[in-house]
Amino acid sequence: YREELTADGIAFVLGVSEPGKPEPYRCMAKDCLWFQTIDTAMTATSESAYTVDITFAITPNGKLLVYHIWRERVLIPEQLNIILMLRQGPIYWNLLGNGWSNTGRPWPGALMFQAIEPKASGLGIIQAAELKGIYFKRLKTQDSKEERAKQHACIMYQEGGIWHPQEAEWLVDFEDELLSFPNGATADQADCLAHGAVVMAEQGMMSQLNQIELVCWPAKEETNKDETKEGDKPSDLPAFLKRRQELRKE
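So the sequence shown is numbered by our numbering: it starts at 535 and just counts up by one.
Right, dumping it as structure tokens:
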């Protein structure tokens with residue numbers, strides 16, 4: 535998808551114009567649902583996993599747009615402040631202040647919530663925030679990263695339900711990680727994406743466009759899922775991702 539600046543604000547255009555085919559779907563960013571999923575890391579060494587925050591937009595026709603990804607290795611005491619800054623909009627490393635700062639540009643739509651899995655450092659962040667009267671949605675999952683990707687994100691990709699921007703500074707690293715998942719060096723962005731697909735699919739967000747408060751998705755026993763045998767891998771991601779990787783190598 536691509537963004538266009540109009541008199542009424544930012545618009546999203548999904549697809550490209552082709553002779554003899556319907557015009558691409560268009561919608562205003564302000565008419566979308568906005569939320570974030572967050573995957574936190576325990577350490578900040580060069581070999582550590584990353585802390586990842588993905589900002590999603592759900593269009594009125596039910597497509598999940600990956601709008602922004604923040605991905606860095608940061609210490610646990612820094613994570614809560616960074617996550618709270620990301621509620622407002624994108625952030626950058628301020629060399630003069632020697633720390634993270636907001637860009638001053640808000641998200642095109644107000645976030646409905648930020649969602650964190652209450653495990654490892656995520657639980658500590660949730661508890662520290664609650665002491666300040668700040669609350670997060672708790673991601674309640676019992677499945678592995680591979681199962682989440684296979685049962686939700688991969689299916690949505692195959693059905694044309696997840697869209698990437700045409701251009702973004704984080705796009706190459708993101709798509710490379712998806713293509714190497716689950717055998718790549720990192721899987722934090724892929725897992726954050728899978729959480730976003732789970733939230734959308736199991737919370738029925740498409741039918742709650744006018745509701746602000748959303749519930750966590752059903753517990754594992756409430757869902758009808760096929761058992762995944764050991765050694766199973768997520769379904770292949772769409773061919774366009776592989777083609778984009780090939781073009782970059784060329």
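The C-beta atom is built at its ideal place from N, Cα and C for all residues, glycine as well.
| task | Assign Arg-682 to buried or exposed, taking buried as 16 or more other Cβ atoms, counted over all protein chains shown, within 10 Å of its Cβ. | result | Here the question's residue 682 lines up with position 148 in the sequence shown. By the neighbour-count rule (16 or more Cβ atoms within 10 Å), Arg-682 is buried.
| If you drop the 5 nearest sequence neighbours on each side, which residues of the same chain put their C-beta closer than 7 Å to that of Pro-624? | Stepping through the sequence shown from its first residue, residue 624 is reached at position 90. Excluding sequence neighbours, Pro-624 sits near His-602, Thr-637 and Arg-639.
| query | How about Leu-551 and Ile-610: are their beta carbons less than 7 Å apart? | reply | In the sequence shown, counting from the first residue as 1, residue 551 sits at position 17. In the sequence shown, counting from the first residue as 1, residue 610 sits at position 76. Residue 551 is actually Ser in this sequence, not Leu. Result no, Cβ atoms of Ser-551 and Ile-610 do not sit closer than 7 Å.
| request: Name the residue from Glu-664, Gln-700 and Glu-651 whose alpha carbon lies nearest to the alpha carbon of Gln-676. | output: In the sequence shown, the residue the question calls residue 676 occupies position 142. Residue Glu-651 is the option with its Cα nearest to Gln-676.
| said: Tell me the residue span of the alpha helix (DSSP H) that contains Glu-736. | reply: The sequence position of residue 736 within the sequence shown is 202, counting from 1. Looking at the DSSP string, the run of the alpha helix (DSSP H) that includes Glu-736 is 722–736.
| message | Can you give me the C-alpha to C-alpha distance between Glu-537 and His-729, rounded to a whole angstrom? | response | For the purposes of this step, residue 537 is identified with residue 3 of the sequence shown, where counting begins at 1. For the purposes of this step, residue 729 is identified with residue 195 of the sequence shown, where counting begins at 1. If I take the Cα positions, the gap works out to 24 Å.
| task | Let me know if Asp-542 comes out buried or exposed under the rule of 16 or more other beta-carbons within 10 Å of its beta-carbon. | result | Stepping through the sequence shown from its first residue, residue 542 is reached at position 8. Burial call: exposed.
| query | Who are the near neighbours of Gly-549 in its chain, counting only those whose CB is closer than 8 Å to its CB and skipping five residues on each side? | reply | As a working note, residue 549 is residue 15 in the sequence shown. Same-chain partners within the cutoff: Tyr-535, Pro-558 and Tyr-559.
| field | Pairwise C-alpha distance: Ala-649 and Leu-673 | value | Sequence index remark: in the sequence shown, residue 673 carries index 139 (1-based). Sequence index remark: in the sequence shown, residue 649 carries index 115 (1-based). Answer to the nearest angstrom: the Cα atoms are 6 Å apart.
| request: Note down the Cα distance separating Glu-664 from Cys-688, rounded to an integer number of angstroms. | output: On the sequence shown, position 130 is the one that residue 664 refers to. On the sequence shown, position 154 is the one that residue 688 refers to. Going from the Cα of Glu-664 to the Cα of Cys-688 covers about 34 Å.
| said: If I measure Cβ to Cβ from Cys-566 and keep anything under 8 Å in the same chain, skipping five residues before and after, which residues do I get? | reply: By 1-based counting over the sequence shown, the position of residue 566 is 32. Excluding positions up to five away in sequence, the list reads Phe-546, Ala-591, Ile-592, Thr-593, Pro-594, Leu-599, Pro-642 and Gly-643.
| task | Leaving out five residues on either side along the sequence, give the residues of the same chain with a beta carbon under 8 Å from the beta carbon of Thr-720. | result | The residue labelled residue 720 in the question sits at position 186 within the sequence shown. Around Thr-720: Ala-583, Tyr-584 and Glu-711.
| field | Leu-618 versus Glu-703 - alpha carbon distance | value | Translated into positions along the sequence shown, residue 618 becomes position 84. Translated into positions along the sequence shown, residue 703 becomes position 169. Between Leu-618 and Glu-703, the C-alpha separation is close to 22 Å.
| The beta strand (DSSP E) enclosing Phe-477, as first and last residue numbers | Since the displayed the chain opens at 535 and closes at 784, residue 477 lies outside it and no answer follows.
| request: Starting from Gly-658, follow the alpha helix (DSSP H) in both directions and report where the run begins and ends. | output: In the sequence shown, residue 658 corresponds to position 124, counting from 1. It spans 655–665 - the alpha helix (DSSP H) in which Gly-658 sits, taken as one unbroken run.
| query | What residue from Met-576, Ile-588, Glu-701 and Pro-556 has the CA that sits closest to Trp-568's CA? | reply | Working through the sequence shown from its first residue, we reach residue 568 at position 34. Among Met-576, Ile-588, Glu-701 and Pro-556, the Cα nearest to that of Trp-568 is on Ile-588.
| Mapping DSSP to helix, strand and coil, what is Thr-540? | By one-based count along the sequence shown, residue 540 stands at place 6. Residue state, collapsed to three classes: strand.
| request: Starting from Asn-615, follow the alpha helix (DSSP H) in both directions and report where the run begins and ends. | output: Position 81 of the sequence shown holds residue 615. Unbroken alpha helix (DSSP H) run through Asn-615: 610–622.
| How many Å lie between Ala-731 and Asn-628 at the Cα? | As a working note, residue 731 is residue 197 in the sequence shown. As a working note, residue 628 is residue 94 in the sequence shown. Between Ala-731 and Asn-628, the C-alpha separation is close to 32 Å.
| Using the beta-carbon count (16 or more within 10 Å), is Glu-693 buried or exposed? | Along the sequence shown, read from residue 1 onward, the residue named residue 693 stands at position 159. Under this definition Glu-693 is an exposed residue.
| message | Taking a contact to mean a Cβ-Cβ separation below 7 Å, would you say His-686 touches Ala-735 in this structure? | response | The residue labelled residue 686 in the question sits at position 152 within the sequence shown. The residue labelled residue 735 in the question sits at position 201 within the sequence shown. Result yes, Cβ atoms of His-686 and Ala-735 sit closer than 7 Å.
| Nearest CA to the CA of Cys-561: which residue from Ile-696, Gln-622 and Gly-596? | Locating residue 561 in the sequence shown gives position 27, counting from the first residue. Answer by Cα proximity: Gly-596.
| field | Val-608 versus Gly-554: straight-line alpha-carbon distance, rounded | value | As a position in the sequence shown, residue 608 is number 74, starting the count at 1. As a position in the sequence shown, residue 554 is number 20, starting the count at 1. Approximately 50 Å, taken between the alpha carbons.
| CA nearest to the CA of Trp-604, picked from Thr-577, Trp-634, Met-576 and Leu-630 | Reading the sequence shown from its first residue, position 70 is the one you call residue 604. Considering only alpha carbons, the answer is Trp-634.
| query | Measuring CB to CB, does Leu-614 end up less than 7 Å from Ala-563? | reply | Here residue 614 refers to the residue found at position 80 of the sequence shown. Here residue 563 refers to the residue found at position 29 of the sequence shown. No, the pair does not count as a contact, with Cβ atoms beyond the cut-off.
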